[in-house]
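**Q**
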Amino acid sequence: MNIVILLGAPGSGKGTLAAELAKVPGIAHLSTGDLLRGAVKAGTPAGVEAKGYMESGNLVPDALIARMVGDYLEQNAKLSTVLLDGFPRNVPQAEILAELLQKTGVTLRCALLLDVPDDVVVRRISGRRVCPKCGAGFNVDTLPPKQDGICDVCGAELVVRKDDTPETVRHRLEVYAGQTFPLIAYYKERGMLRVVDGSGDALAPKVEAALKELHD
Ligand code: AMP
């Protein structure tokens, strides 16, 4: 198994990009945010522990998220590539991941940074809408549903994620700057960082080219 870490601010397009790349068989998208939201919805012990941190835009404890990611990798060992979206989120988590990969013989191919200016990020997040029933994502500016406020996939009424409100978004960007930004230096020092300009629309071809370069 290969791992590609997706780095970038909330709203930089990691989720949209990963969903696109994961259409290829054998490639999977692991979003720790989605994994946690699923756990909260299902009311599992991990979900109960995570709920308060998530609603206030803070990070859940490292040990909790490391356990969830470790379980996922173990249960999906047959996949050829896993795109990690949202993990690691800080340097201690990067060290936990390095240990986990060493133990399981999984290869880290690169950390791919989607570079997007803050104002674009804020604009994108404020347009974001999700379906509470099936999880499909939309954006009123860039990916509007066919019918205003209604999910194209299952017909449920779309909502704004609890942590996509302007105050929480500002706080999440601060958490990103303080905790996740140092990861860029961490992977750069190790020669693992690749940077892609994430401000335009069609990202997947740019990323595919960057990943292909790694193979050649
Ligand atoms: P996201 O969907 O990636 O923006 O994540 C939503 C929320 O889930 C974050 O604001 C955190 O509360 C939590 N979360 C997701 N991934 C992690 C992680 N690797 N470490 C700690 N908290 C996380």
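In the working numbering, the protein residues as written are -2 to 213.
Quick reminder that beta carbons are idealized off the backbone N, C-alpha and C, glycines included.
Values in this document were obtained by computation on a predicted structure and should not be read as measured data.
1) Check whether the segment 86 to 99 and the segment 39 to 52 are in contact - that is, three or more C-beta pairs closer than 8 Å.
2) Curious, which full-length beta strand (DSSP E) runs of at least 3 residues does the segment 128 to 204 contain?
3) Check whether the segment 164 to 180 and the segment 114 to 131 touch, using three or more Cβ-Cβ pairs below 8 Å as the test.
4) When you compare only the Cα positions, how much space is there between PHE84 and GLY124?
5) For a test of the three-state rule: what should DSSP assign to ASP213, helix, strand or coil?
6) If you draw a straight line from the alpha carbon of LYS48 to that of GLY10, how long is it in whole angstroms?
7) What are the partner residues of VAL1, as DSSP defines its beta bridges?
8) Leaving aside the five residues before and after ALA133 along the sequence, list all residues of the same chain whose C-beta is less than 8 Å from its C-beta, in chain order.
9) Taking the alpha carbon of PHE178 as the reference point, which residue from LEU109, VAL137, PRO141 has its own alpha carbon closest?
10) Can you find the residues in the same chain that come closer than 6 Å, C-beta to C-beta, to TYR183, ignoring five residues on each side of it along the sequence?
11) I need the DSSP call for LEU18, collapsed to helix, strand or coil.
12) Going by the beta-carbon positions, is the gap between LEU105 and MET(-2) smaller than 8 Å?
13) Let me confirm a value: ALA43 is counted as buried when at least 16 other C-beta atoms fall within 10 Å, else exposed. Which label applies?
14) Tell me whether LEU123 sits in a helix, a strand or coil according to DSSP, three-state version.
15) Considering only residues of the same chain and omitting the five flanking positions on each side of VAL192, which have a CB-CB separation below 6 Å?
16) Counting C-beta neighbours from all protein chains within 10 Å, is the total for ASP213 16 or more, i.e. buried, or is it exposed?
17) Pick from ILE122, LEU56, LYS20: whose alpha carbon is nearest that of TYR173?
18) Alpha carbon to alpha carbon, how far is ASP160 from LEU14?
19) Which residues does DSSP list as the beta-bridge partners of ALA25?
20) With the cut-off set at 8 Å, would you say LEU61 and LEU27 are in Cβ contact?
21) Between ILE2 and the rest of its own chain, which residues show a CB-CB distance below 6 Å, the 5 nearest in sequence each way excluded?
22) For a test of your reading of the model: does the CB of THR29 fall under 7 Å from any non-hydrogen atom of the ligand AMP? Yes or no.
23) Sorted by chain position, which residues of the same chain lie with C-beta nearer than 7 Å to ILE181's C-beta, five sequence neighbours on each side aside?
**A** Taking the structure as given:
1) no
2) 134 to 136, 190 to 194
3) yes
4) What you label residue 84 is simply residue 87 of the sequence shown in a count that begins at 1. What you label residue 124 is simply residue 127 of the sequence shown in a count that begins at 1. Answer to the nearest angstrom: the Cα atoms are 24 Å apart.
5) Looking up residue 213 in the sequence shown gives position 216. Confidence is the limiting factor: at ASP213 the pLDDT is only 49, short of 50, which leaves the residue's position unreliable and the question unanswerable from this model.
6) If you number the sequence shown from 1, residue 48 lands on position 51. If you number the sequence shown from 1, residue 10 lands on position 13. Straight-line spacing of the CA atoms in LYS48 and GLY10 works out to 23 Å.
7) To locate residue 1, count along the sequence shown from 1; it is residue 4. Beta-bridge pairing links VAL1 to LEU80, CYS107.
8) For the purposes of this step, residue 133 is taken as the residue at position 136 of the sequence shown. Once the five neighbours on either side are set aside, the close Cβ partners of ALA133 are VAL127, CYS148, ASP149, VAL150, CYS151.
9) Here the question's residue 178 lines up with position 181 in the sequence shown. Residue LEU109 is the option with its Cα nearest to PHE178.
10) Position 186 of the sequence shown, counting from 1, holds the residue named residue 183. So the list reads VAL88, ALA91, once near-sequence residues are dropped.
11) Within the sequence shown, numbered from 1, the residue matching residue 18 stands at position 21. Helix at LEU18.
12) Here the question's residue 105 lines up with position 108 in the sequence shown. Here the question's residue -2 lines up with position 1 in the sequence shown. No. Outside cutoff.
13) As a position in the sequence shown, residue 43 is number 46, starting the count at 1. ALA43 counts as buried, since no fewer than 16 other beta carbons sit within 10 angstroms of its beta carbon.
14) For this step, residue 123 is matched to residue 126 along the sequence shown. Looking at the sequence itself, residue 123 is Ser, so the reference to Leu does not match. The answer is helix: DSSP assigns SER123 an H, G or I state.
15) Here the question's residue 192 lines up with position 195 in the sequence shown. Here the set comprises LEU110, ASP112.
16) Position 216 of the sequence shown, counted from the first residue, corresponds to residue 213. Note that ASP213 has pLDDT 49, beneath the 50 cutoff, so the model's placement of it is unreliable and no number is given.
17) Within the sequence shown, the letter at position 176 stands for residue 173. Relative to the Cα of TYR173, the nearest Cα in the group ILE122, LEU56, LYS20 belongs to LEU56.
18) On the sequence shown, position 163 is the one that residue 160 refers to. On the sequence shown, position 17 is the one that residue 14 refers to. C-alpha separation (whole angstroms): 21 Å.
19) By 1-based counting over the sequence shown, the position of residue 25 is 28. Per DSSP, the beta-bridge partners of ALA25 are VAL79.
20) Within the sequence shown, residue 61 is the residue found at index 64, counting from 1. Within the sequence shown, residue 27 is the residue found at index 30, counting from 1. Not in contact: LEU61 and LEU27 (Cβ atoms no closer than 8 Å).
21) Along the sequence shown, read from residue 1 onward, the residue named residue 2 stands at position 5. The answer, listed in chain order, is LEU81, ALA108.
22) The count along the sequence shown starts at 1 and reaches residue 29 at position 32. Yes, Cβ of THR29 sits closer than 7 Å to a heavy atom of the ligand AMP.
23) Translated into the one-based positions of the sequence shown, residue 181 becomes position 184. The answer, listed in chain order, is LEU4, LEU110, LEU190.
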